[in-house]
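Working notes, beginning with the structure itself.
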Amino acid sequence: MFGRIPRLFAMVTLLIAMGAIALAQADVPGGAPPLLQQDAPKKKQRAFVKQKVALPILEGVKIERDLTYAKLKANRALKLDLYVPETALEKLPLIVWIHGGGWRRGSKYPTGAATLSTKGYVVASIEYRLSSEAQFPAQIEDCKAALRWLRAHAKTYHIDPDKVGAWGSSAGGHLVALLGTAGDKTAWDVGDHLDQSSRVQAVCDFFGPADFSQIHAEHAAKAEGAVAQLLGGSVSEKPDAARDASPITHITKEDPPFLICHGTEDPLVPLKQSLAFHAALTKAGVHATLVKVERGGHGFRSDTNPTSGEVLQRVQAFFDKELKPTP
Numbered sequence: 004m005f006g007r008i009p010r011l012f013a014m015v016t017l018l019i020a021m022g023a024i025a026l027a028q029a030d031v032p033g034g035a036p037p038l039l040q041q042d043a044p045k046k047k048q049r050a051f052v053k054q055k056v057a058l059p060i061l062e063g064v065k066i067e068r069d070l071t072y073a074k075l076k077a078n079r080a081l082k083l084d085l086y087v088p089e090t091a092l093e094k095l096p097l098i099v100w101i102h103g104g105g106w107r108r109g110s111k112y113p114t115g116a117a118t119l120s121t122k123g124y125v126v127a128s129i130e131y132r133l134s135s136e137a138q139f140p141a142q143i144e145d146c147k148a149a150l151r152w153l154r155a156h157a158k159t160y161h162i163d164p165d166k167v168g169a170w171g172s173s174a175g176g177h178l179v180a181l182l183g184t185a186g187d188k189t190a191w192d193v194g195d196h197l198d199q200s201s202r203v204q205a206v207c208d209f210f211g212p213a214d215f216s217q218i219h220a221e222h223a224a225k226a227e228g229a230v231a232q233l234l235g236g237s238v239s240e241k242p243d244a245a246r247d248a249s250p251i252t253h254i255t256k257e258d259p260p261f262l263i264c265h266g267t268e269d270p271l272v273p274l275k276q277s278l279a280f281h282a283a284l285t286k287a288g289v290h291a292t293l294v295k296v297e298r299g300g301h302g303f304r305s306d307t308n309p310t311s312g313e314v315l316q317r318v319q320a321f322f323d324k325e326l327k328p329t330p
């Protein structure tokens, strides 16, 4: 069943950890379309676990796990993992990774995005309240709180507070897109370190929904259920919440550059979502690039065009261009 895995090992070690790896159709019982581990039905999630693929070794990187960035009621703490180059002597750009999972599952660890810490970045992987614990806007409030905490502790962890990028997939893609388009929405800045900004300077959105009002029209039934749990009701029942939670609603010309990557055969979040989002960003004067991954489902593989490895190269090149100084 997993005969292809050895040939893909180098690539899989990175992508499975960040939640963007998908099994080839021939490797999934019944030829089911590829899915993210956290978005897949439970019986398909086990296929990912059985592979027991480990994260790449991050040489020269200091890992700080379970740092508390916010404390909620009833002793509930929100935490993040931080990956800092050991040789960091000056301020480095920060990449904040936000996991997917339909807003109802997923974890900050492990994350293959941490490999960027070997490329001159500090990387933070954050947890946020899932929809089973709290409805929207709790999730974006948590993401913004993490950004403020990181800026408040920038000196300690060699972070350049003026060079912050956000990267996420699926539900995480939705949340990073909101960070990009609604960075100045102060109503979502709650908690500590309110003197710090929660804006970002670059966004990499992997197949995140951008306009909840179109989910039903695009017949994404699985996505509809996840959105209903997030909002506390269907889009038709909660139209105002759906609009407010949609990144496309908040676009202005001041938004940061975007890199959007989306598979042409995504069964959960239709490509139309990213096509419309990219068009709206561009119309507003925002620098936005859309990479359509041919044959890509909800996640990318070695046989997509561009391949998963090539997509990751585009991601690093994007962050290098937007967050690192020109020589």
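The sequence shown begins at 4 in the working numbering and counts up by one. Don't be surprised by glycine CBs; every beta carbon is placed ideally from N, CA and C. Note that the structure is a prediction, hence the values are computed from the model and not measured.
Closer than 8 Å to chain B by CB, residue i
| i | result |
| --- | --- |
| Ala283 | Here chain B cannot be found, since the structure has a single protein chain. |
Integer Cβ distance of residue i from residue j, believed to fall under 8 Å
| i | j | result |
| --- | --- | --- |
| Ala148 | Ala73 | 5 Å |
| Trp170 | Ile254 | Wrong, their Cβ atoms sit about 19 Å apart, outside the cutoff. |
| Leu61 | Thr114 | So it is not a contact: roughly 11 Å between Cβ atoms. |
| Lys241 | Leu274 | 25 Å between Cβ atoms; not a contact. |
Euclidean distance between Cα positions of residue i and residue j
| i | j | result |
| --- | --- | --- |
| Leu293 | Arg154 | 29 Å |
| Lys327 | Glu93 | 13 Å |
| Lys82 | Ser201 | 17 Å |
| Glu136 | Val125 | 29 Å |
| Lys47 | Asp198 | Below a pLDDT of 50, predicted positions are generally treated as unreliable, and Lys47, at 42, falls in that range; the measurement from the model is reported next regardless. Each residue's Cα considered, the two are about 44 Å apart. |
| Glu130 | Ala116 | 14 Å |
| Ile251 | Ala77 | 35 Å |
| Leu133 | Gly236 | 15 Å |
| Thr184 | Lys256 | 9 Å |
| Ile140 | Gln232 | According to the sequence shown, residue 140 is Pro rather than Ile. Rounded to the nearest angstrom, the two C-alpha atoms are 12 Å apart. |
| Phe215 | Thr90 | 43 Å |
| Asp306 | Gly312 | 10 Å |
Pair within 8 Å by beta-carbon distance, residue i and residue j
| i | j | result |
| --- | --- | --- |
| Gln217 | Gln276 | yes |
| Pro270 | Asp163 | no |
| Ser128 | Val87 | no |
| Ala229 | Arg151 | no |
| Phe321 | Val314 | no |
Segment limits, beta strand (DSSP E) that includes residue i
| i | result |
| --- | --- |
| His265 | Phe261 to Gly266 |
| Trp100 | Leu95 to Ile101 |
| Val296 | Ala291 to Val296 |
| Pro334 | In the structure as shown, the chain starts at 4 and stops at 330, and residue 334 therefore has no counterpart that could be examined. |
Start-to-end residues for the alpha helix (DSSP H) that takes in residue i
| i | result |
| --- | --- |
| Trp191 | Careful: Trp191 lies outside any alpha helix (DSSP H) and carries neither H nor E. |
| Ile143 | Ala141 to Ala155 |
| Arg317 | Ser311 to Leu326 |
Determine, using beta-carbon pairs with one atom in the stretch 278 to 293 and one in the stretch 256 to 267, whether at least three such pairs fall under 8 Å.
-> yes
With contact counted as at least three CB pairs below 8 Å, one residue from each stretch, are the stretch 166 to 178 and the stretch 192 to 211 in contact?
-> yes
Just checking, does the stretch 60 to 72 make contact with the stretch 288 to 305 on the three C-beta pairs under 8 Å criterion?
-> no
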